[in-house]
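See below for the structure under consideration.
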Amino acid sequence: MKRRSLLAMLVLNPGAPVGVERLTEALWEEEPPRHSRTVIQNHVSGLRAVLAAHGAGDGGVELVTDGGAYLLRVPESAVDARRFERLVGSARSAPDADASVAVLREALGLWRGPALAGTTPSLPLRCAAQALEELRLAAVEELARAYGQLGDHGSAAGVLGTEAALNPLRESLVAALMTALGQAGRRSEAMEWFHRARRALAEQLGIGPGAELVEAHEALLRTDAPAARPAPPAVEGAPAAPTAAPAQWPFPRRPRGFSGREEELAALDRAAASPGAIAVVAGGAGVGKTALAVHWAHRHRADFPDGRLFVDLCGHSPLPERSTPAVLRELLLALGLPAERMPHSPEALAAHYRELTAGRRMLIVLDNARTSDQVRPLLPDGEGCVTVVTSRERLGGLVASDAARPVPLAELSAPQSVTLLADTLGPELVSAEPEAAAQLAVLCDGLPLALRLAAARVATCPARGLAAMADELADEQVRLGLLDVEDTSVAAALALTVQHLSDPARRMFHRLGTHTGATLDSRTAAALAGDALPRAAGALGQLAAAHLVVEIGRDAYTLHDLVRLYARSLPPRPGEDDAEVLPRLLDHLVNTMLAACAAAEPGSEPCCVPPPGARRPVEVRPFPDRASALAWYAAERDTLRGAVEAAVAAGLHDRAWRLVLLQWPLIVWQVRDGWAPLLEHGLAAAEADLDPGAQSRARALLGWVLLEEDRPEEALVHLERAPGLAALADDRTAQAVALTNLAVALARYGHDARHGGPARVRALLAEALALAEEAGRADLVALARQHLADQCLAAGDPEQAAHHAARGLALAEPPFPVTRRVVLQTLYGRALAATGHPEEAALHLDAALRSARAHQYGDGEAAAEAALRALPATAGTAATTAGAAGAEPRAARPGAGRALPGGC
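Residue numbering for the sequence shown is 130 to 1033, as defined by our numbering.
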């Protein structure tokens, strides 16, 4: 592109020097690189080589350097733009219209596409392209005038029609087209062009038509219509010509069992309140778009005295999509136009339709639309008309071009779902099994279609109650099959949406069946599809536009279970290897968790690396701080649990135990939150993978969790085995972690002689300290000293406690987590107080208290405040007193842990 842009700038200025600064402006839209002059020199050399290879020098073409500029010597006849300008000038001085037409056609024949296509869209090149395009359009208008002088108005309209469609705001072009169409006897089409231009000017520029357009319109109104064939006899029971009587056309009956949706109905009220309103009810398959539109139409029947029209456009339907001319003929018939007087061209049909709706108060429901282009010709022209469009697509183009108001329709809430079941099955049945009804609402994803199908199965089989139905639907293997009754099913509804996706979006949808959770972003989508990030993001955006995934934030989407199960049920696409999808997803999650660990526990080292042969993801999610990492862990917990289960089922044990252990920052932070089953899965996977180091880490972490769940005997079984497994793997870090966690457990629950008592606890911590120092793990050194300080205080040795706490505190500087520093500073304060330094102790305890409060570390705050209150009353400085008395002691954060473990 850069070389082509350089050549374009030189050809635009043949024989004239073009400076490097001007070339730099043309080749880069934004800030040029520092080496831009070198880039230009390289491209000049490349152009010279190309010219030489094609013998350009023999034709008088030469690229030369002229001081700080470059100059292209080229015959003027070799430059299309110059030839075009010369021919247009010749046409203006041609002796007659025939000669003018011939020369102008030759001139326009030089064009092969947009001016300067394929060049950098920089300001100089855009201005040049715009100037050339203006010359071309002026030539088109001159050619149309020449055709008009010859009386060939059809050719004039043909020349102008395409250009007017591409340039709807160029009033002179549209006016010329209207005149040509009118003189060709195609008045209705000419009127349609006027209304189209008027709308475009109002919506895009906020102005009305100019004098040239208005004059062309008035000329059409003054001109008598061409003679038409005599009107046929009137058909009995129908008017001989369109009248203002209410439109007669079958309208769907009021939907039965409709309930809820009061917010959406109110939104539709607001959307329909403005003159000529257009409302787009958009939502996924089976969400109830048509039911909402029809219910609203019946509720507001009195507001439309001139009738209501309903058309199924079959945008997502087993039937072929309706053609615009066919729909327009139906609408015109409903408006009273006899079939014998029906216009023939699509443009004339649309123009006639707008004319007949201009003065009426009508409702037009265009159901099941697929694209904005499908809808635009069917929009009425009267300000008293309201159009309601339903679609599985967002139809953003209609919002942009016609000021349509979107009315998004989501799945029902849990209470609304239960209400729908009650309206369908009867309130007695639902009130008899309220818990089962609530479970059904969840299993059906709040989708009205799914709820009605489930209700139909219950209603048609009296022996099956709601609880039995919920139990059956809980099995993901059969859920979609159960939501299939005669000719209606959730799967069929989703299939109609999927078949209209682009190939990249359809490919992405197939991959979503492998996803193990309900949330995803573009990075996860890229991993699933094995695609580049921009392509994956585009495909995900298309799925969101089709309501197959729901956008819940910036690059954040949720995937309903029924949609995921349908994606999973699809057969493999020809030529694609689905076996690689799950490993790609698992490797992506492992790499993301490594980044999350680094942010959640800065200063620590990863407890594992990706497995051999792991695929490196296209891009790993960034985590700016600890809070963002922990929030991600919490949000993705179900996804990660599902990934572990999928990895185990696929025999990918090396991924499974990593996916478990890499959750350790959240496990430690929310230790009492039911982690034992997951860690047991991780331990089993590590054993299946024959990895003693992973087994040690899994047992050390599982033991800690069991300890916090007040299951000490089970905990000690795992904790006692963990150090030996780490030694077997020659993993000093894992051994230090295991020894630390075992020591803390014994200190809490194992003081009896059977477990070795306090002496063993201090020996284990001393060994852990030595191993951590040998491994160069400052975080584990600080942790070992923290627990040694705690043990020394408990044993009545405050001097040694102060030594360990001070040494640990010196290491616990950023980027280590603040929680570690709070604990060490509290221990140091307690040790200082016990050694007779209450004033210094108060300073450290006050600092620990303030830091714990600032970071919402409940256990740390409670410990620091308790230690402050234990100081002599005379020890507190003003700052200390304020810190101690400023607030009541906070309850410990649930799951924060009574002491910080060695992690993983």
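Just so it is clear, CB atoms sit at the ideal spot from N, CA and C, and this is done for glycine as well.
Note that this is a predicted model, so its numbers are computed, not measured.
| said: Rounded to the nearest angstrom, what separates Gly742 and Val173 at their Cα positions? | reply: Your numbering for residue 742 matches position 613 in the sequence shown. Your numbering for residue 173 matches position 44 in the sequence shown. Going by the C-alpha atoms only, they are around 45 angstroms apart.
| field | First through last residue of the alpha helix (DSSP H) which encompasses Ala479 | value | Translated into the one-based positions of the sequence shown, residue 479 becomes position 350. Following the DSSP letters along the chain, one finds Ala479 inside the alpha helix (DSSP H) bounded by residues 475–486.
| Three-state class that DSSP yields for Leu677 in the structure shown | Position 548 of the sequence shown holds residue 677. Annotated three-state conformation of Leu677 is coil, per DSSP.
| said: Nearest by alpha-carbon distance to Leu492: which of Pro434, His481, Val456 is it? | reply: Sequence index remark: in the sequence shown, residue 492 carries index 363 (1-based). Taking only the C-alpha atoms, the option nearest Leu492 is Pro434.
| request: Compare the C-alpha of Tyr686 against each of Ala725, Leu641, Ala661, Asp706 and name the closest. | output: Counted from its first residue, the sequence shown places residue 686 at position 557. For the residues Ala725, Leu641, Ala661, Asp706, the minimum Cα distance to Tyr686 belongs to Leu641.
| Beta-carbon gap between Arg485 and Leu507 smaller than 8 angstroms | The residue you call residue 485 lines up with position 356 of the sequence shown. The residue you call residue 507 lines up with position 378 of the sequence shown. Reading the sequence as shown, one finds Leu at residue 485 and not Arg. At the C-beta level, Leu485 and Leu507 stay beyond 8 angstroms of one another.
| Taking buried to mean at least 16 other C-beta atoms within 10 Å of its own C-beta, is Leu141 buried or exposed? | Residue 141 sits at position 12 when you count from the first residue of the sequence shown. Buried, since its Cβ has 16 or more Cβ neighbours within 10 Å.
| field | Residue from Thr249, Pro250, Leu298 whose Cα sits closest to the Cα of Leu266 | value | To locate residue 266, count along the sequence shown from 1; it is residue 137. Comparing Cα-Cα distances from Leu266 to each of Thr249, Pro250, Leu298, the minimum goes to Leu298.
| request: Would you kindly check if the distance between the Cβ of Ala867 and the Cβ of Ala851 is under 8 angstroms? | output: For the purposes of this step, residue 851 is taken as the residue at position 722 of the sequence shown. For the purposes of this step, residue 867 is taken as the residue at position 738 of the sequence shown. Yes, the pair counts as a contact, with Cβ atoms nearer than the cut-off.
| task | State the start and end residues of the unbroken alpha helix (DSSP H) segment that holds Asn720. | result | In the sequence shown, counting from the first residue as 1, residue 720 sits at position 591. First-last of the alpha helix (DSSP H) with Asn720: 710–729.
| request: Tell me Asp496's beta-bridge partners as DSSP assigns them. | output: Within the sequence shown, residue 496 is the residue found at index 367, counting from 1. As a beta-bridge residue in DSSP terms, Asp496 pairs with Asp441.
| field | Separation of Ser452 from Gly366, as counted between CA atoms | value | Taking the sequence shown and counting its residues from 1, the one referred to as residue 366 is at position 237. Taking the sequence shown and counting its residues from 1, the one referred to as residue 452 is at position 323. Note that Gly366 has pLDDT 30, beneath the 50 cutoff, so the model's placement of it is unreliable and no number is given.
| task | Can you grab the Cα-Cα spacing for the pair Ala997 / Asp802, in whole Å? | result | Translated into positions along the sequence shown, residue 997 becomes position 868. Translated into positions along the sequence shown, residue 802 becomes position 673. Rather than Ala, the amino acid found at residue 997 in this sequence is Leu. Cα-Cα distance, rounded: 30 angstroms.
| task | In angstroms with no decimal places, state the Cα-to-Cα distance between Pro371 and Leu464. | result | The residue you call residue 371 lines up with position 242 of the sequence shown. The residue you call residue 464 lines up with position 335 of the sequence shown. Reliability fails at Pro371, whose pLDDT of 43 lies under 50, so the model's placement of it is uncertain and no value is given.
| request: Give me the Cβ distance between Ala414 and Leu625, rounded to the nearest whole Å; I'm assuming they're in contact under 8 angstroms. | output: Reading the sequence shown from its first residue, position 285 is the one you call residue 414. Reading the sequence shown from its first residue, position 496 is the one you call residue 625. Yes, Ala414 and Leu625 are in contact; Cβ-Cβ is about 7 angstroms, under 8 angstroms.
| task | Could you work out which residue in Arg221, Pro535, Glu476, Gly905 is closest to His324 when comparing CA atoms only? | result | Here residue 324 refers to the residue found at position 195 when the sequence shown is read from its first residue. For the residues Arg221, Pro535, Glu476, Gly905, the minimum Cα distance to His324 belongs to Glu476.
| field | Range covered by the beta strand (DSSP E) that runs through Tyr986 | value | Residue mapping note: residue 986 aligns to position 857 of the sequence shown, counting from 1. Here Tyr986 belongs to no beta strand (DSSP E), and DSSP marks it neither H nor E.
| message | Using the Cβ count rule (16 or more neighbours within 10 Å means buried), how would you classify Ser733? | response | Taking the sequence shown and counting its residues from 1, the one referred to as residue 733 is at position 604. Ser733 counts as buried, since at least 16 other C-beta atoms from the protein chains shown sit within 10 angstroms of its C-beta.
| task | For Leu857, count neighbouring Cβ atoms within 10 angstroms of its own Cβ and tell me buried if that reaches 16, exposed if not. | result | Counted from its first residue, the sequence shown places residue 857 at position 728. When all chains shown are included, Leu857 counts as exposed.
| field | Three-state class that DSSP yields for Pro535 in the structure shown | value | For this step, residue 535 is matched to residue 406 along the sequence shown. Strand, per DSSP.
| field | Proximity winner among Ala983, Ile407, Glu557, Leu1000, relative to Ala963 (alpha-carbon distances) | value | On the sequence shown, residue 963 is found 834 positions in, with the first residue counted as 1. Comparing Cα positions, the closest option is Leu1000.
| query | So what does DSSP say about Gly148, is it helix, strand or coil? | reply | The residue given as residue 148 occupies position 19 in the sequence shown. If DSSP states are grouped into helix, strand and coil, Gly148 belongs with the strands.
| The beta strand (DSSP E) with Glu191 in it runs from where to where? | The count along the sequence shown starts at 1 and reaches residue 191 at position 62. Taken as a continuous stretch (DSSP letters only), the beta strand (DSSP E) holding Glu191 covers 191–195.
| Environment of Pro821 [buried if 16+ CB atoms lie within 10 Å] | For this step, residue 821 is matched to residue 692 along the sequence shown. With 16 or more Cβ atoms within 10 Å of its Cβ, Pro821 is classed as buried.
| With DSSP run on the structure shown, which of helix, strand or coil describes Ser222? | The residue given as residue 222 occupies position 93 in the sequence shown. For Ser222, the secondary structure class from DSSP, reduced to helix, strand or coil, is coil.
| Buried or exposed: which applies to Leu677, given that a residue is buried once 16 or more other Cβ atoms fall within 10 Å of its Cβ? | As a working mapping, residue 677 is identified with position 548 in the sequence shown. If you draw a 10 Å sphere on the C-beta of Leu677, you find 16 or more other C-beta atoms in it, and that means buried.
| said: Measuring alpha carbon to alpha carbon, tell me which residue in Ala487, Arg521, Arg483, Glu512 is nearest Arg505. | reply: Locating residue 505 in the sequence shown gives position 376, where the first residue counts as 1. For Arg505, the closest alpha carbon among the candidates Ala487, Arg521, Arg483, Glu512 is that of Arg483.
| request: Within 10 angstroms of the Cβ of Ser403, are there 16 or more other Cβ atoms? Answer buried if so, exposed if not. | output: Translated into positions along the sequence shown, residue 403 becomes position 274. Classification for Ser403: exposed.
| task | Mind checking who Ala411 pairs with in its DSSP beta bridge? | result | Locating residue 411 in the sequence shown gives position 282, counting from the first residue. Answer is Ser520, Pro537, bridged to Ala411.
| task | Provide the residue span of the alpha helix (DSSP H) that contains Leu180, from first to last. | result | Indexing the sequence shown from 1 puts residue 180 at position 51. Counting along the chain, Leu180 sits inside the alpha helix (DSSP H) bounded by residues 165–182.
| For Val179, does the count of other Cβ atoms within 10 angstroms reach 16, so buried, or fall short, so exposed? | Residue numbering aside, residue 179 sits at position 50 when the sequence shown is read from its first letter. The Cβ neighbour count for Val179, taken over all protein chains shown within 10 Å, is under 16; the residue is labelled exposed.
| query | Among Leu334, Glu332, Ala305, Ser317, which one has its Cα closest to the Cα of Ala342? | reply | Position 213 of the sequence shown holds residue 342. Checking the sequence shown, residue 342 turns out to be Leu, not Ala. Selected option, being the one with the closest Cα: Ala305.
| Do the region 303–321 and the region 242–262 make contact, defined as three or more Cβ pairs closer than 8 angstroms? | Too few Cβ pairs lie closer than 8 angstroms, so no.
| request: Look up Pro613 in the DSSP assignment and say whether it is helix, strand or coil. | output: If you number the sequence shown from 1, residue 613 lands on position 484. This sequence places Asp at residue 613; Pro is not what is there. Annotated three-state conformation of Asp613 is strand, per DSSP.
| query | Does DSSP put Ala401 in a helix, in a strand, or in coil? | reply | By 1-based counting over the sequence shown, the position of residue 401 is 272. In the structure shown, Ala401 sits in coil (DSSP, three-state: anything other than H, G, I, E or B).
| Arg683 lies in the beta strand (DSSP E); which residues open and close that run? | Within the sequence shown, residue 683 is the residue found at index 554, counting from 1. Run containing Arg683: none; DSSP gives neither H nor E here.
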